[in-house]
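Chemist: Quick one: structure below, then a few questions.
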Amino acid sequence: MGELRFNELRGEHVDYAIHRQERTFLPPADHCPLCPTRPGGAETEIPFEAFEIAVFENRFPAFEAPRGVAEVVVYTDRHDGSFATLAPKRARALMWVWRERYAELGAREDVDYVLVFENRGVEVGVTLHHPHGQIYGYPFLPPVPAAELEADERLGGCAPCELLRRELHDGRRVLYDNEDVVVYIPYAARWSYEAHVVLRTHRASLPECTPAELESLATALQALTRGYDALFTRPFPYVMAMHQAPTTAALRQAGHVHVEFYPPLRSAEKLKYLAGSEQGGGTFIADALPEQSARELREAIARAL
Amino acid sequence: MIEGSREPSSTPPPEQPSDPSAHTQPRQDAGLEPAIDAVERCGPLVVERYRKADGRLLILYRSTVEDG
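This is the structure in C-alpha cells:
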C-alpha cells in the first residue's frame, strides 16, 4: 500500500509507491509478463495461449483500493509492434475498452479522475516493451486536468473547444483531420513535437462519443503515431495522456475529450531534458517553433499514410 | 539494460487482424476464477472477467464473430 502526502510548497500530491521499486524491469522478450502464456512455459499475467485485448490490475500499483486503482491495458498478444502498428480494427476496439474502463472506474467512490495513458520507449521510462498502456484512477483531481478547468474559467467556456477553433482558424499547426477529430501542435507547445488530438464536437468523456467518433479517434491516433515513427525513421518515444472530465458528481461534464502527446525527442538523436528553468522555474525553454515542427510532422504523416 | 531487451531498430510492419477463434481457455493451473458478471458486451466486444489467484481483476476483450 502506497502513501499519499501533500506537498504544501508545490500545492500538489506526491504518491509514495515504494513497492514499485521491485517491478519487472526490461525483461528479455521470452520473459515478458504481458505475452500470452505459452504451452509448457512460465505463466504470464495473462494465462491464455492467445488474446486480443487484456486489462488487469497492476501487480505493482501506484494506486489501489480504497484509494484509487492502477490497471494495465495490453493492446495485443504480439510482443513486437506498437499502437501505431495495430490493425485498425484492433485500434478501434481499444477505444471501446478505454470507454468501458472510464465508465467503470469513474463510478467508484474512491476515484475522482481516470487517466488513460501510454509511455512508449526507454527514453520516457518504459520498463516493458510489449505494446501496452495504463489507466490510473486517482483518488483526487491531479494538477494537469485541474489546470484545464482553470483554463475553462479563463477563456469563459470550454478551453479545448476555443483552442481548437483558434487552431483551425490559423491552420499552420494542423497536422491531420478527419470528420470528427483534429490533430495539431498547440500554439504554445512545450515539446518540439507535442501534438493534441481533439474531438471536433464537445464530448466530456468517451461514453458520450458516438461509435463513429470513436472510430475517427482511433484513425487519428494511428495517423499521428505512424507519422511520429516516419519522422526520423525510428520508433518514436512519447508519453500519451487522454484527458476527459473528472468523475466526481459536480465535474462530470467539465471536460472535453482530447489526447496529448509529449515526445521527448527534439531531433533524431537529441532528447529534451527538464532542467533548471523547467523544474526550478516551471517555464519550458523550447528548441523549435511549433509552426516549423508542424511542417515536418505533417509531411511525415503524409508519408506514413 | 538487459541484453535482448532493446526495442527493434526499425518500425515493424502493421499487425494483421487476429483470429477471434484463437481466444482459448485459461491454463488449468492458473487459478483463475470467472467473476460474477462473467460475460457482457462492450460495444462490438465481448467482455470476460476473471479473478486471479491473488485477487486481482483480469478482463479479456474479444471481437464478436459477427464483427470479425
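Chains as they are written, first to last, in my numbering: chain A, 55 to 359; chain B, 129 to 196. Think of the CB as a built atom: it goes at the ideal place given N, C-alpha and C, for glycine as much as any other residue.
(1) Just to confirm before moving on: does the CB-CB distance between A:Glu204 and A:Tyr316 stay below 7 Å?
(2) Which residues, taken in chain order from the region 101–114 of chain A, show a beta carbon closer than 9 Å to some beta carbon of chain B?
(3) According to DSSP, is A:Phe137 helix, strand or coil?
(4) Of the choices A:Thr279, A:Tyr282, A:Ala348, A:Val180, whose alpha-carbon is the least far from that of A:Asp224?
(5) Is A:Gln298 near A:Val313, with beta carbons less than 7 Å apart?
(6) Around the Cβ of A:Leu63, are there at least 16 other Cβ atoms within 10 angstroms (buried) or fewer (exposed)?
(7) Between which two residues does the alpha helix (DSSP H) containing A:Tyr156 stretch?
(8) Using DSSP with H/G/I as helix, E/B as strand and the rest coil, what is B:Gly132?
(9) Whether or not the region 320–332 of chain A and the region 190–210 of chain A are in contact is what I'm after, with contact meaning three or more pairs of Cβ atoms, one per stretch, closer than 8 Å; do they touch?
(10) Cα-Cα, which of A:Phe290, A:Arg121, A:Met296 is closest to A:Val178?
(11) Skipping 5 residues on each side, what residues in its chain have a beta carbon closer than 6 Å to that of A:Gln75?
(12) In the structure shown, what three-state DSSP assignment does A:Gln188 receive?
(13) So, under 8 Å CB-CB, A:Val251 and A:Val228 are touching, yes? Tell me the CB distance rounded to an integer number of Å.
(14) Checking contacts by CB at 7 Å: is B:Arg184 closer than that to chain A?
(15) Hey, how far is the Cα of A:Pro300 from the Cα of A:Gly94?
(16) Under the three-state reduction of DSSP, which class applies to A:Arg349: helix, strand or coil?
Modeler: Taking the geometry as given:
(1) A:Glu204 places its beta carbon 7 Å or farther from that of A:Tyr316.
(2) Of all residues in the region 101–114 of chain A, Pro101, Phe102, Glu103, Ala104, Phe105, Glu106, Ile107, Ala108, Val109, Phe110, Glu111, Asn112, Arg113 have a Cβ within less than 9 Å of some Cβ in chain B.
(3) Helix, per DSSP.
(4) For the residues A:Thr279, A:Tyr282, A:Ala348, A:Val180, the minimum Cα distance to A:Asp224 belongs to A:Ala348.
(5) No. Outside cutoff.
(6) For A:Leu63, the number of other beta carbons within 10 angstroms of its own is below 16, and it is reported as exposed.
(7) First-last of the alpha helix (DSSP H) with A:Tyr156: 142–160.
(8) The predicted model places B:Gly132 with a pLDDT of 36, which falls under 50 and marks its position as unreliable, so this point remains unresolved.
(9) Contact annotation: the region 190–210 of chain A does not touch the region 320–332 of chain A, with fewer than three C-beta pairs closer than 8 Å.
(10) Per the Cα distances, A:Phe290.
(11) So no residue of the chain qualifies.
(12) Three-state result, A:Gln188: strand.
(13) With 8 Å as the limit, A:Val251 and A:Val228 do not qualify as a contact, their Cβ atoms being about 12 Å apart.
(14) For B:Arg184, at least one C-beta of chain A is nearer than 7 Å to its own C-beta.
(15) Cα to Cα, the separation comes out at about 44 Å.
(16) If DSSP states are grouped into helix, strand and coil, A:Arg349 belongs with the helices.
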